[in-house]
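Enquirer: For reference, the structure I am asking about is given below.
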Amino acid sequence: AVLAASAAAAGTVAPDSVPIVDMELSESLTGVQGDPQAGREAFADRKKGNCLACHANADLNDQLFHGEVGPVLDGAADRWSEAQLRAIVVNSKDVFGEQTIMPGFYTLKVGINVDEEFAGKTILSAQEVEDVVAYLMTLKEN
Amino acid sequence: MVGTSASLAGGPVDEKLVIDGEVEIMTRVPAPEGHPFDELISGWHYRTEETRDLEADSFQNPGMLYVERGEEIWNTVDGAAGKSCASCHEDSEEFLKGLGASYPKWNEDAGKPFNIELQINQCREQNMQAEPYKFDAADQKALTTYIKHQSLGMPMKVDLSEGEMQTWWDKGKELYYTRTGQLNLSCATCHENYNGNYIRADHLSQGNVNGFPTYRLKQADLVSLHNRFRGCIRDTRAAFPAAFSDELMALEVYVTWRGSGLGIETPAVRQ
């Protein structure tokens, strides 16, 4: 992760500086192709995406306790384009509306009183977003 | 598929909580006017069968040990005045019956709502000349649990007509809907919009307070209400307010109102 982050740093788009237009973000945040295997790990990691807190996903059935707050993600890539998935992960509020429970993973438009440890930081790094999007693109049923 | 489908159950169970086959607890009641829900449901309905059974049997409920300990403290002399709680509140059965179900309560001298913990500390300082308990001291939790347990099964209610209680309710409501932390969630996001759903291994309830202090199996200890509030706020990756701060007292007033009429379960058993 450290390697990916520093390699990408130069061309990385800063949080909130990419406008999500019509629920899409077609441009890569880093210009570096996402790694689906790293994305699968960040997706499951409780300290990173922790996506399983809310989403079931058959591909990760080896992990216990999938949440049911959000839709099952099997076949997500059949329902959404890569540009849409990137927008959803970067800031779901720009896609689903302000009321969604889903956190924005690459935005600084967050709640009040952010704990010192996380202040001014995004939940995922730009490259981790690209990795997670690359992983989501593998979730196809058709 | 076994792994995922097994955990996707959802919804409160349809059963009755009767403690020791004797005391029926009102765990489902109609909501007061102006409440976002039609029906208020105790967190008991969202727990597993084993956890529910533990609470229904007071010999099995590990929280009952703390009730016994609390009774001991009630009768023990402490402080320079040489008094125990029982020295002043002599007929404790009569005095305590229903008392815990009517807190938080307006305290005119302090100019703010008091919960049981604050009232205990006031009596310790002013009437016993003893040190106030530090937040979450074992004796504070035990004595609070003992006092609340004397209202077992009685409906939880909060009197908003006293003093400035309504203002504190307003403030608490605002906090309940304010999103905090890097995860950008409010109490309402989880407990109002998604109760009945699993968030990872946790079955989200309405977040009611009628069981506090609760015995948490995960921690193998009693958990006070302000500790729970702080844990929920911390889970949004936000800094949390001090115990008994104005913020958490306002939240306690408002969230207690949200559970109006639910029977006191203290000490409830939770996962």
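For the record, the sequence lines run as chains A and B.
Position 56 of the first sequence, counted from 1, bears residue number 56 in our numbering, the numbering being contiguous throughout.
Just add 142 to the spot in the second sequence (first one is 1) and you have our numbering.
Backbone N, C-alpha and C fix where the C-beta goes; we use that ideal spot for every residue, glycine too.
Using CA atoms only, rank isn't needed, just tell me which of B:ARG211, B:GLY338, B:VAL365, B:VAL395 is closest to GLY70 (chain A).
Expert: Selected option, being the one with the closest Cα: B:GLY338.
Enquirer: Is the beta carbon of VAL133 (chain A) closer than 8 Å to that of GLU68 (chain A)?
Expert: In this structure, VAL133 (chain A) does not lie closer than 8 Å to GLU68 (chain A) by Cβ.
Enquirer: Is there a Cβ of chain B sitting closer than 8 Å to that of VAL143 (chain A), yes or no?
Expert: Look at the range of chain A in this structure, 1 to 142, and you will see that residue 143 (chain A) is not part of it.
Enquirer: Answer yes if the segment 186-200 of chain B comes into contact with the segment 343-357 of chain B, meaning at least three C-beta pairs across the two stretches below 8 Å, and no otherwise.
Expert: The segment 343-357 of chain B vs the segment 186-200 of chain B: in contact.
Enquirer: Please report the Cβ distance between ASP278 (chain B) and ASN369 (chain B), rounded to the nearest whole angstrom; I am assuming they are in contact, meaning their Cβ atoms lie under 8 Å.
Expert: Indeed they touch by this definition, with Cβ atoms about 6 Å apart.
Enquirer: Under 8 Å, Cβ to Cβ, is there at least one residue of chain A near ASN337 (chain B)?
Expert: Judged by the 8 Å Cβ criterion, ASN337 (chain B) is not in contact with chain A.
Enquirer: Answer yes or no: does any C-beta atom of chain B fall closer than 8 Å to that of SER6 (chain A)?
Expert: Since pLDDT at SER6 (chain A) reaches only 44, below the 50 mark, its modelled position is unreliable, and the value read off the structure follows with that caveat. Not closer than 8 Å to any Cβ of chain B, the Cβ of SER6 (chain A) fails to qualify, so no.
Enquirer: Three or more beta-carbon pairs under 8 Å between the segment 21-30 of chain A and the segment 77-97 of chain A, yes or no?
Expert: Enough Cβ pairs lie closer than 8 Å, so yes.
Enquirer: Hey, quick one: how far does the alpha helix (DSSP H) through GLU181 (chain B) stretch, first residue to last?
Expert: From DSSP, GLU181 (chain B) is part of no alpha helix (DSSP H) but of the beta strand (DSSP E) over 181-183.
Enquirer: Assuming ASP220 (chain B) and SER229 (chain B) form a contact by the criterion Cβ under 8 Å, report the distance between their Cβ atoms to the nearest whole angstrom.
Expert: Contact doesn't hold; Cβ gap of about 11 Å is too wide.
Enquirer: Could you name the residues of chain A that ARG379 (chain B) contacts, counting a contact when the two beta carbons are closer than 7 Å?
Expert: Within chain A, the residues near ARG379 (chain B) are VAL114, ASP115, PHE118.
Enquirer: Please report how far the alpha carbon of ASP45 (chain A) lies from the alpha carbon of LYS254 (chain B), in whole angstroms.
Expert: The straight-line gap from Cα to Cα measures roughly 43 Å.
Enquirer: Could you check what DSSP says for THR424 (chain B) in three-state terms: helix, strand or coil?
Expert: Only positions 143 to 413 of chain B appear in the structure, and residue 424 (chain B) is not among them; the question remains open.
Enquirer: Report the neighbours of THR331 (chain B) on chain A: residues whose CB is nearer than 7 Å to its CB, in chain order.
Expert: Ordered by position in chain A, the residues that pass the 7 Å Cβ test against THR331 (chain B) are ILE101.
Enquirer: Three or more beta-carbon pairs under 8 Å between the segment 240-255 of chain B and the segment 203-215 of chain B, yes or no?
Expert: No, they do not touch.
Enquirer: As an exercise, report each continuous alpha helix (DSSP H) stretch of at least 4 residues that is fully enclosed by the segment 79-128 of chain A, in chain order.
Expert: Complete alpha helix (DSSP H) runs here, min 4: 82-90, 93-96.
Enquirer: Is the beta carbon of MET298 (chain B) closer than 8 Å to that of GLY403 (chain B)?
Expert: Yes.
Enquirer: Starting from ALA343 (chain B), find everything on chain A with Cβ-Cβ shorter than 9 Å and list it in chain order.
Expert: Per Cβ cutoff of 9 Å: LEU64, PHE65, GLY67.
Enquirer: Between which residues of its own chain and VAL98 (chain A) is the CB-CB distance below 8 Å, once the five residues before and five after are set aside?
Expert: According to the sequence displayed, residue 98 (chain A) carries Glu and not Val. Taken in chain order, the list of residues that qualify is empty.
Enquirer: Which parts of the segment 338-390 of chain B are runs of the alpha helix (DSSP H), unbroken and 4 residues or longer, counting only runs that do not cross its ends?
Expert: Listed in chain order, the complete alpha helix (DSSP H) runs (minimum 4 residues) inside the segment 338-390 of chain B are 367-376.
Enquirer: Taking 8 Å as the CB-CB cut-off, is GLN202 (chain B) touching chain A?
Expert: Chain A, which has no Cβ nearer than 8 Å to the Cβ of GLN202 (chain B), makes this no.
Enquirer: Of the residues that make up the segment 42-63 of chain A, which ones have a beta carbon closer than 9 Å to any beta carbon in chain B?
Expert: Listed by position, the residues of the segment 42-63 of chain A near chain B (Cβ gap below 9 Å) are ARG46, ASN50, LEU52, ALA53, CYS54, ALA56, ASN57, ALA58, LEU60, ASN61, ASP62, GLN63.
Enquirer: Just list the residues that DSSP pairs TRP248 (chain B) with in beta bridges.
Expert: Paired residue(s): B:PRO255.
Enquirer: Alpha carbons only, please: which of B:ILE341, B:ALA384, B:GLY353, B:ARG400 is nearest the one belonging to VAL153 (chain B)?
Expert: Note on residue identity: the sequence assigns Gly, not Val, to residue 153 (chain B). With distances taken between Cα atoms, GLY153 (chain B) lies closest to B:ILE341.
Enquirer: Give me the Cα-Cα distance between THR100 (chain A) and GLN127 (chain A), rounded to the nearest whole angstrom.
Expert: The straight-line gap from Cα to Cα measures roughly 24 Å.
Enquirer: Spell out whether any CB of chain B is found under 8 Å from the CB atom of GLY97 (chain A).
Expert: For GLY97 (chain A), the answer is no, since every Cβ of chain B falls outside 8 Å of its Cβ.
Enquirer: Pair every Cβ in the segment 161-177 of chain B with every Cβ in the segment 287-296 of chain B, then say whether three or more of these pairs are closer than 8 Å.
Expert: Taking 8 Å as the limit for Cβ pairs, the verdict is that the segment 287-296 of chain B does touch the segment 161-177 of chain B.
Enquirer: Figure out for me which residue from B:ASN326, B:GLY323, B:VAL411, B:SER234 has the closest Cα to the Cα of VAL365 (chain B).
Expert: The shortest C-alpha separation from VAL365 (chain B) is found at B:VAL411.
Enquirer: Is the beta carbon of GLY75 (chain A) sitting closer than 8 Å to the one on LYS121 (chain A)?
Expert: No; because the gap between Cβ atoms is not below 8 Å, this pair is not in contact.
Enquirer: Under 8 Å: do the segment 305-320 of chain B and the segment 386-402 of chain B share three or more Cβ pairs, one atom per stretch?
Expert: Short answer: they touch.
Enquirer: To the nearest angstrom, how far is the alpha carbon of GLY405 (chain B) from that of PRO174 (chain B)?
Expert: Each residue's Cα considered, the two are about 15 Å apart.
Enquirer: If contacts are defined as beta-carbon pairs under 8 Å, then LYS48 (chain A) and ALA42 (chain A) qualify, I think. What distance do you get, rounded to the angstrom?
Expert: About 4 Å separates the two Cβ atoms, so the contact holds.
Enquirer: Measuring alpha carbon to alpha carbon, tell me which residue in B:GLY401, B:ALA284, B:PRO409, B:SER328 is nearest ASP180 (chain B).
Expert: If we check each option's Cα against that of ASP180 (chain B), B:GLY401 comes out closest.
Enquirer: Secondary structure at LYS47 (chain A), three-state DSSP: helix, strand or coil?
Expert: DSSP places LYS47 (chain A) in coil when its eight states are reduced to three.
Enquirer: Under a Cβ-count criterion, where at least 16 other Cβ atoms within 10 Å of its own Cβ denotes burial, should ILE130 (chain B) be classed as buried or exposed?
Expert: In this structure chain B extends from 143 to 413, so residue 130 (chain B) is not present and cannot be described.
Enquirer: Per DSSP, which residues does GLY405 (chain B) bridge with? Please list them.
Expert: GLY405 (chain B) pairs with B:PRO297.
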